[in-house]
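S.K.:
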Amino acid sequence: MVMAADDAGLFMQPQPGAIDLPPARRPKSLRKRLTRRSRVSTATIFKPANSNETPEEHFPLQTVYTRTSQPRFVNRYDSREILLVVDGSCINNGSVSLPSIGGCSFTYKGAGRSGLTTTFPFSEGEKGEGGTVGFPLEQTGPGGEYHIASSNRAKLRAVIAALEFREWQEEGWKRIIVATDLEYVVFGATRWLAAWVKRRWKTRKAQQVANRDLWEEFHGIISRLASLGTEVSFWLISSRSTIKQASTLVQDTKDVAREAASVHFDTSAEEFTRLS
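Note that the numbering used here numbers the sequence shown so that position 160 is 160, with each residue one more than the last.
#1: For Ile237, which of helix, strand or coil comes out of DSSP?
#2: What beta strand (DSSP E) runs, 3 residues minimum, are completely inside the segment 114-190?
#3: Just to confirm, are Gly103 and Ala154 a CB contact at a threshold of 9 Å?
#4: With DSSP as the reference, please indicate the residues paired to Leu84 in a beta bridge.
#5: If contact is defined by three or more beta carbon pairs under 8 Å, each pair taking one atom from either stretch, is the segment 49-59 in contact with the segment 215-226?
#6: Where Gln62 and Arg76 are concerned, what is the direct C-alpha to C-alpha distance, given to the nearest angstrom?
#7: Which partner residues does Thr279 have in the DSSP bridge list?
#8: Using the Cα positions of Glu259 and Leu236, report the straight-line distance between them to the nearest angstrom.
#9: In this structure, what does DSSP give as the bridge partners for Ile91?
#10: What does the alpha-carbon distance come out to for the pair Arg280 and Glu216?
#11: Beta-carbon within less than 8 Å of Thr253's beta-carbon, same chain only, minus the 5 sequence neighbours each way: which residues are those?
#12: Report yes or no: do three or more beta-carbon pairs, one from the segment 91-98 and one from the segment 139-148, lie closer than 8 Å?
#13: By a C-beta neighbour count over all protein chains shown, 10 Å radius and 16 as the cutoff for buried, is Pro99 buried or exposed?
#14: Mapping DSSP to helix, strand and coil, what is Gln208?
#15: Between the alpha carbons of Arg36 and Glu129, how many angstroms are there, rounded?
#16: According to DSSP, what are the bridge partners of Lys202?
#17: Would you say Leu214 and Leu163 are within 9 Å of each other, going by their C-beta atoms?
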(Lines of atoms letter the chains of each structure in order from A and count residues from 1; the text may use other names and numbers.)
(Lines give C-alpha, C1' and ligand atoms only; values in the text may rest on other atoms or scores of the structure.)
Protein backbone atom coordinates (compact mmCIF):
# COMPACT_ATOMS: atom_id res chain seq x y z
CA MET A 1 0.00 0.00 0.00
CA VAL A 2 1.42 3.35 -1.00
CA MET A 3 1.59 5.87 1.84
CA ALA A 4 1.14 9.62 1.68
CA ALA A 5 4.22 11.75 1.20
CA ASP A 6 4.04 13.31 4.66
CA ASP A 7 4.20 11.51 7.99
CA ALA A 8 0.49 11.42 8.64
CA GLY A 9 0.12 7.95 7.15
CA LEU A 10 -3.53 6.97 7.08
CA PHE A 11 -4.28 9.54 9.77
CA MET A 12 -3.72 12.39 7.31
CA GLN A 13 -5.98 15.39 7.70
CA PRO A 14 -6.15 18.52 5.47
CA GLN A 15 -3.32 20.14 7.42
CA PRO A 16 -0.03 18.50 6.36
CA GLY A 17 1.65 16.08 8.71
CA ALA A 18 -1.15 15.87 11.29
CA ILE A 19 -1.94 12.54 12.93
CA ASP A 20 -5.47 11.63 13.93
CA LEU A 21 -7.22 8.38 14.80
CA PRO A 22 -9.14 6.89 11.86
CA PRO A 23 -12.84 6.11 12.34
CA ALA A 24 -12.33 2.42 11.57
CA ARG A 25 -9.95 0.82 14.06
CA ARG A 26 -10.13 -2.77 12.94
CA PRO A 27 -6.58 -4.15 12.84
CA LYS A 28 -5.35 -5.78 9.65
CA SER A 29 -3.29 -8.57 11.09
CA LEU A 30 -0.05 -9.63 9.44
CA ARG A 31 0.21 -12.50 11.85
CA LYS A 32 0.87 -15.97 10.52
CA ARG A 33 1.02 -18.77 13.01
CA LEU A 34 4.52 -20.14 13.29
CA THR A 35 4.91 -23.89 13.69
CA ARG A 36 7.89 -26.23 13.67
CA ARG A 37 7.58 -26.49 9.89
CA SER A 38 7.67 -22.72 9.41
CA ARG A 39 10.62 -20.95 7.91
CA VAL A 40 11.60 -18.42 10.55
CA SER A 41 13.17 -15.08 9.67
CA THR A 42 15.31 -13.31 12.24
CA ALA A 43 16.68 -9.81 12.58
CA THR A 44 20.39 -9.03 12.85
CA ILE A 45 22.56 -7.25 15.40
CA PHE A 46 23.76 -3.74 14.62
CA LYS A 47 27.36 -2.94 15.49
CA PRO A 48 28.02 0.81 15.63
CA ALA A 49 30.95 2.13 13.63
CA ASN A 50 31.91 4.22 16.65
CA SER A 51 30.90 2.69 19.98
CA ASN A 52 31.47 5.99 21.80
CA GLU A 53 28.79 7.88 19.88
CA THR A 54 25.26 8.35 21.13
CA PRO A 55 22.42 7.31 18.79
CA GLU A 56 21.84 10.92 17.70
CA GLU A 57 25.56 11.35 16.99
CA HIS A 58 25.79 8.13 15.01
CA PHE A 59 22.48 8.86 13.27
CA PRO A 60 22.19 12.66 12.98
CA LEU A 61 18.84 14.07 11.98
CA GLN A 62 18.95 14.99 8.30
CA THR A 63 16.87 15.00 5.15
CA VAL A 64 17.85 12.84 2.18
CA TYR A 65 15.74 14.49 -0.50
CA THR A 66 16.27 11.65 -2.97
CA ARG A 67 14.22 9.47 -0.61
CA THR A 68 11.84 11.70 1.37
CA SER A 69 11.18 15.34 2.15
CA GLN A 70 10.91 14.44 5.83
CA PRO A 71 13.93 14.36 8.17
CA ARG A 72 15.16 11.00 9.42
CA PHE A 73 17.89 9.80 11.75
CA VAL A 74 20.36 8.71 9.06
CA ASN A 75 23.55 6.74 9.65
CA ARG A 76 26.45 9.11 9.15
CA TYR A 77 28.56 6.18 7.93
CA ASP A 78 25.95 4.72 5.56
CA SER A 79 23.20 6.98 4.22
CA ARG A 80 21.06 3.95 3.29
CA GLU A 81 20.31 3.22 6.95
CA ILE A 82 17.95 4.89 9.42
CA LEU A 83 17.38 4.68 13.15
CA LEU A 84 14.18 4.11 15.12
CA VAL A 85 14.38 4.45 18.91
CA VAL A 86 11.76 2.51 20.86
CA ASP A 87 10.75 2.11 24.48
CA GLY A 88 8.00 0.77 26.67
CA SER A 89 6.93 1.26 30.25
CA CYS A 90 4.63 -0.59 32.63
CA ILE A 91 3.10 0.71 35.83
CA ASN A 92 2.84 -2.03 38.48
CA ASN A 93 4.92 -4.35 36.31
CA GLY A 94 4.75 -7.88 37.69
CA SER A 95 2.27 -7.02 40.45
CA VAL A 96 -0.27 -9.67 41.45
CA SER A 97 -2.48 -7.28 43.44
CA LEU A 98 -2.50 -4.12 41.34
CA PRO A 99 -3.49 -3.72 37.68
CA SER A 100 -0.60 -3.28 35.30
CA ILE A 101 -0.79 -0.48 32.72
CA GLY A 102 1.62 -0.23 29.79
CA GLY A 103 2.78 2.58 27.56
CA CYS A 104 4.77 2.47 24.31
CA SER A 105 6.78 4.99 22.34
CA PHE A 106 9.05 5.33 19.35
CA THR A 107 10.97 8.17 17.75
CA TYR A 108 11.54 8.33 14.01
CA LYS A 109 12.30 12.02 13.35
CA GLY A 110 12.56 15.39 15.08
CA ALA A 111 9.94 18.02 15.84
CA GLY A 112 7.25 18.79 13.29
CA ARG A 113 6.46 22.11 11.66
CA SER A 114 4.53 23.17 14.74
CA GLY A 115 7.58 22.68 16.93
CA LEU A 116 5.92 19.88 18.90
CA THR A 117 8.07 16.83 19.42
CA THR A 118 5.49 14.31 20.67
CA THR A 119 2.22 12.97 19.33
CA PHE A 120 -0.33 10.88 21.25
CA PRO A 121 -2.62 9.82 18.38
CA PHE A 122 -5.21 8.04 20.54
CA SER A 123 -5.87 10.97 22.87
CA GLU A 124 -9.10 12.85 22.24
CA GLY A 125 -8.52 15.92 20.12
CA GLU A 126 -4.85 15.12 19.77
CA LYS A 127 -3.26 15.96 16.45
CA GLY A 128 0.35 16.57 15.74
CA GLU A 129 3.34 15.93 13.59
CA GLY A 130 5.92 15.30 16.26
CA GLY A 131 8.64 12.77 15.62
CA THR A 132 8.01 10.84 18.84
CA VAL A 133 4.79 8.83 19.03
CA GLY A 134 3.34 7.63 22.32
CA PHE A 135 0.38 5.32 22.85
CA PRO A 136 -1.00 3.04 25.59
CA LEU A 137 -0.36 -0.68 25.42
CA GLU A 138 -3.58 -2.37 24.34
CA GLN A 139 -5.28 -4.89 26.59
CA THR A 140 -5.79 -7.29 23.69
CA GLY A 141 -3.39 -8.54 21.05
CA PRO A 142 -3.76 -8.60 17.26
CA GLY A 143 -5.84 -11.78 17.49
CA GLY A 144 -8.23 -10.33 20.06
CA GLU A 145 -6.89 -12.28 23.05
CA TYR A 146 -6.57 -10.53 26.41
CA HIS A 147 -3.03 -10.07 27.75
CA ILE A 148 -1.70 -8.72 31.03
CA ALA A 149 0.54 -5.71 30.49
CA SER A 150 4.26 -6.02 31.14
CA SER A 151 7.38 -4.02 30.38
CA ASN A 152 8.56 -6.70 27.96
CA ARG A 153 5.27 -6.66 26.10
CA ALA A 154 5.19 -2.86 25.95
CA LYS A 155 8.64 -2.64 24.39
CA LEU A 156 7.98 -5.39 21.86
CA ARG A 157 4.71 -3.67 20.94
CA ALA A 158 6.62 -0.41 20.43
CA VAL A 159 8.94 -2.18 17.98
CA ILE A 160 5.98 -3.45 15.96
CA ALA A 161 4.37 -0.01 15.85
CA ALA A 162 7.59 1.67 14.76
CA LEU A 163 8.31 -0.81 11.96
CA GLU A 164 4.82 -0.63 10.48
CA PHE A 165 4.29 3.10 11.02
CA ARG A 166 5.61 3.89 7.55
CA GLU A 167 6.30 1.99 4.37
CA TRP A 168 10.00 2.43 5.08
CA GLN A 169 11.12 0.41 2.06
CA GLU A 170 9.33 2.87 -0.24
CA GLU A 171 11.65 5.59 0.99
CA GLY A 172 14.57 3.50 -0.22
CA TRP A 173 16.17 2.49 3.08
CA LYS A 174 18.21 -0.70 2.92
CA ARG A 175 18.32 -1.21 6.66
CA ILE A 176 16.31 -0.09 9.66
CA ILE A 177 18.16 -0.05 12.98
CA VAL A 178 15.94 -0.33 16.05
CA ALA A 179 17.57 0.92 19.25
CA THR A 180 16.40 -0.41 22.62
CA ASP A 181 17.82 -1.26 26.03
CA LEU A 182 15.93 -4.53 26.45
CA GLU A 183 17.79 -7.81 25.88
CA TYR A 184 14.48 -9.70 25.72
CA VAL A 185 13.54 -7.84 22.55
CA VAL A 186 16.98 -7.80 20.94
CA PHE A 187 17.93 -11.43 21.60
CA GLY A 188 14.39 -12.63 21.00
CA ALA A 189 14.41 -10.99 17.57
CA THR A 190 17.91 -12.08 16.60
CA ARG A 191 18.54 -15.41 18.39
CA TRP A 192 15.70 -16.95 20.36
CA LEU A 193 12.71 -16.75 18.02
CA ALA A 194 13.74 -19.62 15.75
CA ALA A 195 14.53 -21.83 18.75
CA TRP A 196 11.20 -21.02 20.39
CA VAL A 197 9.32 -22.04 17.27
CA LYS A 198 11.33 -25.24 16.91
CA ARG A 199 10.47 -26.16 20.52
CA ARG A 200 6.75 -25.50 19.89
CA TRP A 201 6.93 -22.13 21.66
CA LYS A 202 8.62 -23.43 24.76
CA THR A 203 11.70 -22.03 26.48
CA ARG A 204 14.73 -24.12 27.38
CA LYS A 205 13.06 -24.73 30.74
CA ALA A 206 9.93 -26.01 28.96
CA GLN A 207 7.91 -22.95 29.94
CA GLN A 208 5.43 -21.34 27.56
CA VAL A 209 6.94 -18.40 25.66
CA ALA A 210 5.24 -15.14 26.60
CA ASN A 211 3.84 -12.75 23.99
CA ARG A 212 3.67 -15.30 21.21
CA ASP A 213 1.05 -13.21 19.42
CA LEU A 214 3.36 -10.19 19.22
CA TRP A 215 6.36 -12.27 18.21
CA GLU A 216 4.38 -13.75 15.32
CA GLU A 217 3.23 -10.26 14.39
CA PHE A 218 6.83 -9.03 14.50
CA HIS A 219 7.96 -11.96 12.37
CA GLY A 220 5.38 -11.14 9.72
CA ILE A 221 6.60 -7.54 9.55
CA ILE A 222 10.32 -8.26 9.22
CA SER A 223 9.65 -11.04 6.72
CA ARG A 224 7.67 -8.64 4.56
CA LEU A 225 10.33 -5.96 4.81
CA ALA A 226 13.02 -8.47 3.88
CA SER A 227 11.05 -9.55 0.82
CA LEU A 228 10.95 -5.89 -0.22
CA GLY A 229 14.68 -5.41 0.24
CA THR A 230 14.84 -3.81 3.70
CA GLU A 231 16.71 -5.46 6.56
CA VAL A 232 15.88 -4.96 10.24
CA SER A 233 18.70 -4.83 12.81
CA PHE A 234 18.75 -4.18 16.55
CA TRP A 235 21.10 -1.96 18.50
CA LEU A 236 21.25 -3.02 22.15
CA ILE A 237 22.04 0.01 24.28
CA SER A 238 22.86 -1.14 27.78
CA SER A 239 20.71 0.38 30.52
CA ARG A 240 23.78 1.36 32.50
CA SER A 241 25.90 2.57 29.62
CA THR A 242 27.22 6.12 29.48
CA ILE A 243 25.87 6.33 25.93
CA LYS A 244 22.30 5.83 27.13
CA GLN A 245 22.69 8.35 29.93
CA ALA A 246 24.16 10.90 27.52
CA SER A 247 21.50 10.41 24.85
CA THR A 248 18.67 12.93 24.95
CA LEU A 249 16.96 10.96 22.19
CA VAL A 250 16.84 7.77 24.23
CA GLN A 251 15.80 9.51 27.45
CA ASP A 252 13.04 11.53 25.77
CA THR A 253 11.62 8.40 24.13
CA LYS A 254 11.58 6.66 27.51
CA ASP A 255 9.76 9.61 29.11
CA VAL A 256 7.05 9.48 26.45
CA ALA A 257 6.43 5.77 27.10
CA ARG A 258 5.95 6.53 30.79
CA GLU A 259 3.60 9.38 29.98
CA ALA A 260 1.60 7.17 27.62
CA ALA A 261 1.07 4.69 30.45
CA SER A 262 0.33 7.14 33.25
CA VAL A 263 -1.49 10.02 31.52
CA HIS A 264 -2.88 8.86 28.18
CA PHE A 265 -4.24 5.46 29.17
CA ASP A 266 -8.00 5.24 28.58
CA THR A 267 -10.58 3.11 26.76
CA SER A 268 -8.60 3.50 23.53
CA ALA A 269 -6.20 0.93 24.92
CA GLU A 270 -8.71 -1.87 24.89
CA GLU A 271 -8.21 -3.14 21.33
CA PHE A 272 -5.09 -3.69 19.27
CA THR A 273 -4.89 -0.76 16.84
CA ARG A 274 -2.44 -0.07 14.05
CA LEU A 275 -0.77 3.30 13.71
CA SER A 276 -0.37 2.99 9.94
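All C-beta atoms, glycine included, are put in the ideal place defined by N, C-alpha and C.
Quick caveat, the model's predicted, so the values are computed rather than measured.
M.R.: Put simply:
#1: Note: Ile237 maps to coil in three-state DSSP.
#2: Runs of the beta strand (DSSP E) lying entirely within the segment 114-190, each at least 3 residues long, are 132-136 and 175-180 in chain order.
#3: Yes.
#4: Among the bridge pairs identified by DSSP, Leu84 is matched with Val178.
#5: They do not touch, by the three-pair rule.
#6: Rounded to whole angstroms, Gln62 to Arg76 spans 10 Å at the Cα level.
#7: Because the chain is modelled from 1 through 276, residue 279 falls outside the range shown and cannot be assessed.
#8: When the Cα atoms are used, Glu259 and Leu236 turn out to be separated by approximately 23 Å.
#9: Partner(s): Ile101.
#10: This structure gives no information on residue 280, because the portion of the chain shown stretches from 1 to 276.
#11: Cβ neighbours of Thr253 beyond the five flanking positions: Val85, Val86, Asp87, Ser105, Phe106, Thr107 and Thr132.
#12: Between the segment 91-98 and the segment 139-148, the count of C-beta pairs closer than 8 Å stays below three; the two stretches do not touch.
#13: Exposed, by the Cβ-count rule.
#14: Three-state DSSP puts Gln208 in a strand.
#15: One C-alpha to the other measures close to 42 Å.
#16: BP columns for Lys202 point to Gln208.
#17: No, the Cβ-Cβ distance between Leu214 and Leu163 is not below 9 Å.
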